[in-house]
Amino acid sequence: MSVAHAVRVQGLTKHFGDHAALQDFSLEVPVGQLVALVGESGSGKSTLLRHLNGLHRPTAGAVEVLGTDVGSAKGAALRSLRRRIGFVFQQFHLVGRSTCLENVLSGSLGRLKGPRPGVIGYPIAERRDALAQLERVGLADRAFQRADTLSGGQQQRVAIARALMQRPNLMLADEPVASLDPETSKQVMDVLLRCCLELNLTVLCSLHQVEMALGWCQRVVGLRDGRLVLDAAASDLRESDLRDFYSDTETRKRKADPTRTPVPAAAITAR
Amino acid sequence: MLALTPPWTKRRVLLAVTGACLAVATAASWRDLGMVPTSLLAGVSDVRNLMERMLPPRLIDGGRVLELALETFLMAFVGTALAAAVSIPLGGLAARNISPNRWTAGAARGFISACRAIPDLVFAAIFVRVLGIGVLPGVIAIALHSIGMIGKLIADAIENIDEGPRHATEAVGANRLQAFTAGVWPQILPSFVGICLYRLDINLRTSVVLGFVGAGGIGFALRDAFGGLLYPQALGIVIVIVIMIGLFELVSGRIRRALLGDAAVVLPSHGWMGLGSRRPRRKALGQGPQPTPAKGRPASGSLRPPWTRERLTAAAYLAMFLGLIVYAFGELQLSPLEVLWALPDLGRVAAKVIPSQIDAALAGQIFSAMVETIAIGFVATIIGAALSIPIALMAARNVAPAKWVYAAARYGLVVWRGIPELILAVIFVAAIGLGPMAGAFALSIYSVGFLAKLVSDSLEEVRPGPREAVMATGATRPQEMITSLLPQALPAVAGHVLYVLDINIRTSTILGLVGGGGIGFLLFNSLRVLRWEVTGAILMLIFVSVYSIERLSGWLRTQLR
Ligand SMILES: Nc1ncnc2c1ncn2[C@@H]1O[C@H](COP(=O)(O)OP(=O)(O)O)[C@@H](O)[C@H]1O
Ligand SMILES: [Mg+2]
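Protein chains in written order, with this note's numbering: chain A, 990 to 1260; chain B, 80 to 640.
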């Protein structure tokens, strides 16, 4: 089938034990779109993103990414799908003792055969490519520095280079700047989204900061308690709307807290 | 144009050169022992033949064997307790921050190092010559050798304390001893307990062979069985030993968790030992966040600390410990006075072992035997390292392909490590004949079990995030292991290998007792014919070699972080 949609999620439900992290969640993302996922901590953003590259398995529902059914893919099929999906984590997840170049090079493992010990285990062409990716994120001069000697923002840029090294079609980023200070956050978001725009990638990026979402993305999707509660074009939203979304979540939480004012269940339906 | 290969920094050059030297040393050792890969295979089939002659295991006179097993445990226990008692003041004198002066600290450290360098079996053989056959020489040998480790770790722990409380007590006018009990002791108590339990584990393993030289315990029975070629009986005794050691490992794990919680006890010279499971637990002796004693809060005005559950646990274990000490002295028919009276005799030995009048031919012999000893240590370590990695991958919870593989590997390792190295040496010598090759194989097999345990513990400590990130790029499991798992675990693994090299070289000094090659043959022979000056010369050489290897491996381990 043609891949008009990069991501297609139908009625996705995920239970951890008897706790539902996602409930009947549906979402379609056309190729090339930049989508921001917003929502309180614990609303299910990470869980959703991890389903898209098969790090989680759905309890119910269908997840189709880049034309592949992720729910049923395993082994080589899952790996070849993952190769086409870049994933950027909040905690960077670099191998601290390895050099930056080596970390970036690991992004090419999906298209290489066999284990690759050290930088010299990779073909020269890949090394050249990895250096180019580091250059793209502005860290070519740090190629042979240990990753754990870099600052947080620099480490996240190396992690972005690693994801770009995969030559992905889809980029998933799970709160990529939540561990960084505001100034660095802005730089890192700039690098991430500029690269994705240049390469015409589809992007799903979960964010905690309201302003970040509006500045860059075309579409904003909001989650609350594992359900979709907001889906709007960024141009239609103003910052105040998003603030309302969060403050509403806050109020609702406070109301739901049984030690405070008890409220009938009907009063807390999604808007 | 930017470089595409890593630049040669000073550190990389240094590590590469050291690595190359170690590789050359290993290759040279391999040649020195005349080992070829085919000999490995031949050895395996010889051992299989011997095993067939051992089956089915039997236990003739089982009551006596069990009695000797109990005696072994009690010897290890009393020896460890004596060492612990002596190590507290000695460790205090050796700690540079609280020692009266630099010379005292240096002398105490030197004594501790010497105790560590001489294997307990050697001490035992010497004391048996002086005090006669029995448990007393065994207990003193265990105690003396253990001081080498307990004393060192206590001194290291004291040097790492938070100095505030000690200065505070001194500031209110406390004397040195008061400052120790109020400001130092509480801080090192958890490490002290952890160290002693760990050492008791080790001592139980070594004490089962002390009977080989007449120093008491189950080794007597084992020596008789092997000496009389009663192989099924020997296997029966080995099984008793393995069960005893395995059981004690489980019990000591429980005690450790009850007293110390999950806090991994740092043993500075041995790297991190993840001791105990990761389940959060209350601890009786910890200094970590203590749960507020809501129930046991003292009534206002009470002058006694409340009996919280933690205090009750600690008190119960203390009572058990004291009871066991009393029982052990009774059961072993030892009196504390006897231990004291032995001291002058030991002093006379110390005077006799001053090396003198060694002719050049003998000196040459001793020297080449020491080279062989070191060669055995290197070969055993390299074989052990190569074989232990795949086992460690199965015995690490976060790497094992399936839960049952993990469980099987973990329990298998407990049994594996339950067979003391000297017993393996006896078996290999019986199977493939006298010589360093038998010793090297035995030590290799022992190292595999020991290293696999240490390495799998380190693998379990690897952060999962970077591994998941590499899997998310579409890498295969083997690719992920090479790119993410191993680089993260590498410093710890290399540290363990160096630690085991250190231990192997110490152990290979005693393989000669059972015909496994190395300097042990000359050493025990000199004791047999009472040529004390030769014994002294050999001990001196062992001390120098073992101490330099210890320093080298310690230095390398700090470089690898
Ligand atoms: N591996 C897991 N096991 C159990 N519960 C989980 C797991 N991952 C997430 N959860 C739960 O699912 C809910 C959604 O979590 P998450 O997707 O991480 O939210 P977000 O990323 O929006 O903060 C939370 O209540 C969280 O506790
Ligand atoms: Mg999250």
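Quick reminder that beta carbons are idealized off the backbone N, C-alpha and C, glycines included.
At least one CB atom of chain B sits nearer than 7 Å to the CB of V1108/A. Within a 10 Å sphere around the beta-carbon of L283/B sit 16 or more other beta-carbons, which makes this residue buried. Within the DSSP secondary-structure output, V1018/A pairs in a beta bridge with V996/A. Proximity of the segment 520 to 539 of chain B to the segment 466 to 478 of chain B meets the contact definition, three or more beta-carbon pairs being nearer than 8 Å. Taking the C-beta atoms as reference points, C1185/A is found no nearer than 7 Å to M1201/A. For A1025/A against V1209/A, the beta-carbon gap comes to about 5 Å, under 8 Å, which counts as contact.
Secondary-structure assignment with DSSP links V1027/A through a beta bridge to L1196/A, G1211/A. Contact between Q1144/A and F1076/A is absent: CB atoms are separated by about 15 Å, not below the 8 Å threshold.
L83/B has a beta carbon lying within less than 7 Å of a beta carbon in chain A. Between R997/A and chain B, the shortest Cβ-Cβ separation is not below 7 Å. Residue environment for D1214/A: buried (at least 16 other C-beta atoms within 10 angstroms of its C-beta). At the C-beta level, L590/B and A504/B come within 7 Å of one another.
Under DSSP, T84/B shares a beta bridge with no residue. Taking the C-beta atoms as reference points, M449/B is found no nearer than 7 Å to I205/B. CA-CA distance, G1107/A to T562/B, rounds to 8 Å. At least one heavy atom of ligand 2 lies closer than 6 Å to the C-beta of K1034/A.
Separation of the CB atoms of G295/B and M133/B is rounded to 25 Å, and the pair is thereby denied contact status at 8 Å. Taking a cut-off of 8 Å on C-beta distances, the segment 249 to 257 of chain B does not touch the segment 180 to 199 of chain B, as fewer than three cross pairs fall below it. Following the DSSP letters along the chain, one finds M1154/A inside the alpha helix (DSSP H) bounded by residues 1141 to 1154.
About 6 Å separates the Cβ atoms of K1003/A and H1045/A, confirming a contact at the 8 Å cut-off. Taking a Cβ-Cβ threshold of 7 Å, the residues of chain A close to P86/B are F1133, in chain order. Counting the other Cβ atoms within 10 Å of the Cβ of T159/B gives 16 or more, which makes it buried.
Partner residues in the beta bridge of H1004/A, as assigned by DSSP, are A1009/A. Distance from the CA of I221/B to the CA of S523/B, rounded to the nearest whole angstrom, comes to 24 Å. At least 7 Å separates the CB of V1126/A from every CB of chain B. In this structure, the alpha-carbon of A510/B lies about 11 Å from that of Y310/B. Sequence-distant partners of L1067/A (beyond 5 residues in either direction) whose C-beta falls short of 8 Å from its own C-beta, in its chain, are G1043, V1059.
Under the rule that a run must span 4 or more residues, the alpha helix (DSSP H) segments found entirely inside the segment 186 to 273 of chain B read 199 to 210, 214 to 238, 242 to 250, 255 to 258. Runs of the alpha helix (DSSP H) lying entirely within the segment 405 to 463 of chain B and spanning at least 4 residues, in chain order: 415 to 431. Among the residues facing chain A, G463/B is not included, as its CB has no counterpart in that chain under 7 Å away. For A1162/A, the CB stays at least 6 Å from every heavy atom of ligand 1.
Close CB contacts of L301/B within its chain, under the 6 Å cut and outside five residues either way in sequence, are with I316 (chain order). Beta-bridge annotation (DSSP): V1052/A is paired with V998/A. Among the residues of the segment 1153 to 1177 of chain A, those with a Cβ less than 7 Å away from any Cβ of chain B are Q1155, in the order of the chain. With fewer than three CB-CB distances shorter than 8 Å, the segment 566 to 576 of chain B does not count as touching the segment 483 to 494 of chain B. At a beta-carbon threshold of 9 Å, none of the residues of chain A lie near L93/B; the nearest stands roughly 16 Å away.
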